[in-house]
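Chains as they are written, first to last, in the working numbering: chain A, 125 to 351; chain B, 703 to 1149.
Yeah, the Cβ is synthetic: ideal placement off N, Cα and C, and Gly gets one too.
All values reported here derive from a predicted model rather than from experimental measurement.
Contents: one structure, followed by commentary.
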Amino acid sequence: MPKWAMVIDLDKCTGCGDCMAACKVENNVAIVSPEQAEENRVMFWMDMMTIYEGEYPNIKVTRIPKPCYHCDNPPCIKVCPVHATYINPEGLVGQIYHRCIGCRYCMAACPYTAKVFNWYEPEWADEFKTCMNPDVSLRMKGVVEKCSFCAHRLQHVKEDADAEDRPINDGEYMPACAESCPADAIFFGDLENKESKVYKLSRSPRAFKELEDLGTEPKVIYLSKRE
Amino acid sequence: MEEKKKTTVDIDEALYRPIYETGKGFYITVGVLLMIILFAAFMYIRQVYYGLGVTGMNQPVTWGFYIVNFVFFIGISHAGTLISAILRLSKAEWRRPITRMAEVITAIVLAIGGLHPIIDLGRPDRVLNIFTAGRLQSPLLWDVTSITAYFTASTVYLYLPMIPDIAKLRDRGGKLRWFYDFLSWGWQGTEHQKKVLNRAINILMVMVIPIAVSVHTVISYIFSMTLQPGWHSTIFGPYFVVGAIFSGIAALLIVMIAFRKFFHLENYLKLIHFRYLSTLLLIMSLLWFYFTFSEYLTGIFGAEPHEMDVILYKMTGPYAIFFWGMVICNFIIPVIVLSFKKFKTIKGILFASITVVIGMWLERLNIVIPSLANPRLELSTGMYFPSLTEWSLFIGALAVFVLGYVLFSKFFPIISIWEIEEGREESIKEVEERVKSYLPGPAGTTE
């Protein structure tokens, strides 16, 4: 059974935010009004952490892309009262929007603050309504959502591989963020496959995970010489 | 015999009077409360229609007033059943005029508190999913279980000791005879019925104590089972239970003082009752401080960075006013007021009780919001401002509480009449014998 994981090379990342945009379009993530954004209700499945160090004019800015970490030991699924969030055998942590009761306990329990909530009925600009991704179901108000590692893409890849009776090739299943990254800083693949790029990168001495000491075993691995 | 019964009824006439005499004040109170409740209901329907966006909650502060009030109200509910059960169990004779009031608080407040998580849901239409797809591994389901058990046990525990009083109302005739006839369950006051009733009460009071303790422990588990700084603490269970009993006693004292004034029950609720109960309040205040001190000292001494973020947010950050307000309201004021006999008057006790209720509400606020507002990762610190919707539902919940109490006291005696009678007729002798049995017997005898 494969175990899907992401590697983000922070030394390559320019912090351009293309992954965020690609993710929003790919997953039909609602676009909130500026007033709502002011109230901290922005919806990003792929978020960007920005850290400012030092004092003006010597400021060092670090930008870190932050998707859902798809923990192997996810604190969110432990607390869900209705089985609306789960981890599948391939290590993908999913969300069942039509079952979620909107108690937001998973959001409170997630140490990475990876989940977002539909505070109002989600809205899109008219231009977007004509180019929704048909593979990703739309969410309704009052439910929690989060990055799915573009699990709908895996379905397509699986169908293709099954039709041709072959295993899934390394690099065949790529989430939108990894595919769109202009700096080639996001890698995606199977951690169980010792030949995969992701496996090799995860062994790099530059590799680290966020809040590893919590024992959540995130499957998003960062690479950086700094820190 | 006939003659004697009549006189006892007359003695306690003050307890019946509020049921049969309805003044203008009653209708005005009920009208005002209903208006507040209707407005809150309107705000809630509006919230269901538009979504939780009408509240002040956001990311990362995903829980707000609703969860704070949930913990707060369930805490208040410990006033009743637990205190009345402990007092009954320890044979405290001064409990007699207090137990009924305490139990009514539990029943009403528990219903209000139990509704709060549902008000908080983004999809209240799917609330039944917790039965069709429920996960017993989730602390929220533990809550559903223990609150349901507590509500069932405490309403039965409220109802059973009411039966003889309802029968008295039935026998007096007058209004709503069919209603009292139905509720009194054929009570005639025979020896057998008394024996059965006493046994049932005894079983329930023993059962209700562990259930009550479990309720607030499990509510604390909602927080302490997560990995979040400020929540992930082993003392949260007992800390919440102590806080619950603390705020419960304070609420009970406020209710007692209110009824004493409005129903003129000075003869039943004497200064001694308030003194005893406020001593209990003082003890709980010290216990609360002990827990709070341990909780924060371990955090500060260990100085784990994420833990410190939350503690500093409370002590010196945006929540400093609420944190230190909590310490003043829960510890400094009650200890000063309740330690000196000079201040331990009805007014002093009322003041201390009100500050304790406010302080315990602040404590719940201090637990829920700062941990959410300080995400572990390098994200911006959150802030939470409750919206009009949340305020009106808060005030609406308080109005439901007052209305519930007013209506209850309109239909049932707020002080257990038969228990007072029992106290007069039997307990004096019983207590004398009991005290004698504590004392050493004639020299040289052993049991």
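Assigned secondary structure, residue i (DSSP; H/G/I helix, E/B strand, else coil)
i        : result
Glu704/B : Caution applies to Glu704/B, whose pLDDT of 43 falls short of 50 and renders its modelled position unreliable; the model cannot decide the point.
Ile800/B : coil
Thr710/B : The predicted position of Thr710/B is uncertain, since its pLDDT is 48 and thus under 50; no value can be drawn from it.
Gly313/A : strand
Met170/A : coil
Thr209/A : strand
Glu269/A : strand
Val898/B : helix
Val217/A : strand
Leu878/B : coil
Val829/B : coil
Glu177/A : strand
Val260/A : coil
Val240/A : strand
Ala331/A : strand
Trp844/B : helix
Ser779/B : helix
Arg223/A : coil
Tyr193/A : coil
Alpha carbon of residue i to alpha carbon of residue j, nearest angstrom
i         : j         : result
Arg802/B  : Ser779/B  : 13 Å
Val898/B  : Ser1094/B : 45 Å
Leu842/B  : Trp1120/B : 40 Å
Glu364/A  : Pro235/A  : Residue 364/A is absent from the model: chain A starts at 125 and stops at 351.
Thr710/B  : Pro1115/B : Residue placement at Thr710/B is flagged as unreliable, the pLDDT there being 48, under the threshold of 50; a coordinate-derived value is accordingly withheld.
Ser916/B  : Ser848/B  : 7 Å
Ile220/A  : Met231/A  : 14 Å
Pro1077/B : Met173/A  : 12 Å
Asn197/A  : Ile211/A  : 9 Å
Asn317/A  : Val750/B  : 48 Å
Tyr729/B  : Val858/B  : 29 Å
Arg901/B  : Thr237/A  : 53 Å
Ala781/B  : Gln890/B  : 31 Å
Asn1068/B : Phe1025/B : 7 Å
Gly339/A  : Glu251/A  : 43 Å
Ala794/B  : Tyr998/B  : 36 Å
Phe273/A  : Pro299/A  : 6 Å
Asn293/A  : Pro258/A  : 25 Å
Beta carbon proximity, residue i to chain A, threshold 8 Å
i         : result
Val829/B  : yes
Pro1077/B : yes
Gly945/B  : no
Pro819/B  : yes
Gly1216/B : Given a span of 703 to 1149 for chain B in the structure shown, any question on residue 1216/B remains unanswerable.
Gly1084/B : yes
Neighbouring residues, chain B, relative to residue i (Cβ below 8 Å)
i        : result
Pro191/A : Simply none; closest approach about 12 Å.
Leu338/A : Leu929
Tyr346/A : Within chain B, no residue comes near Tyr346/A; the closest Cβ sits about 12 Å away, beyond 8 Å.
Under 7 Å from the C-beta of residue i: neighbouring residues of chain B
i        : result
Met231/A : Thr764
Tyr244/A : Tyr752, Gly753, Gly755
Neighbour flag for residue i against chain B, beta carbons, 8 Å
i        : result
Glu283/A : no
Glu296/A : no
Thr138/A : no
Leu262/A : no
Leu335/A : yes
Thr254/A : no
Pro198/A : no
Pro342/A : no
Contacts that residue i makes with chain A (C-beta to C-beta distance below 9 Å)
i         : result
Glu1080/B : Met173, Thr174, Ile175, Thr186, Ile188
Extent of the continuous alpha helix (DSSP H) to which residue i belongs
i         : result
Lys321/A  : 321–326
Val131/A  : Not the alpha helix (DSSP H): Val131/A falls in the beta strand (DSSP E), residues 128–133.
Ser1082/B : Looking at the DSSP string, Ser1082/B is not in any alpha helix (DSSP H), and its letter there is neither H nor E.
Ala1075/B : 1048–1075
Ala154/A  : Ala154/A -> no alpha helix (DSSP H), and no H or E assigned at all.
Where residue i meets chain A, residues with beta-carbon distance less than 8 Å
i         : result
Asn760/B  : Glu163, Asn164, Arg165, Trp243
Ile832/B  : Pro205, Val206, Ile225
Gly824/B  : Cys224, Ile225, Gly226, Cys227, Arg228, Phe241, Asn242, Lys265, Gly266, Val267, Val268
Leu1074/B : Ala232
Leu843/B  : Pro205
Neighbour list for residue i in chain A, Cβ cutoff strictly below 7 Å
i        : result
Ser840/B : Val203, Cys204, Pro205
Ala835/B : Val206, His207, Arg223
Limits of the beta strand (DSSP E) - the one that residue i falls within
i         : result
Met1028/B : Unbroken run through Met1028/B is the alpha helix (DSSP H), 1022–1029; no beta strand (DSSP E).
Pro189/A  : 184–190
Leu347/A  : 344–347
### Task
Taking a Cβ distance cut-off of 7 Å, strictly less, list which residues of the stretch 209–232 of chain A are near chain D, in chain order.
Within the model displayed, chain D is absent; protein chains A and B are what it includes.
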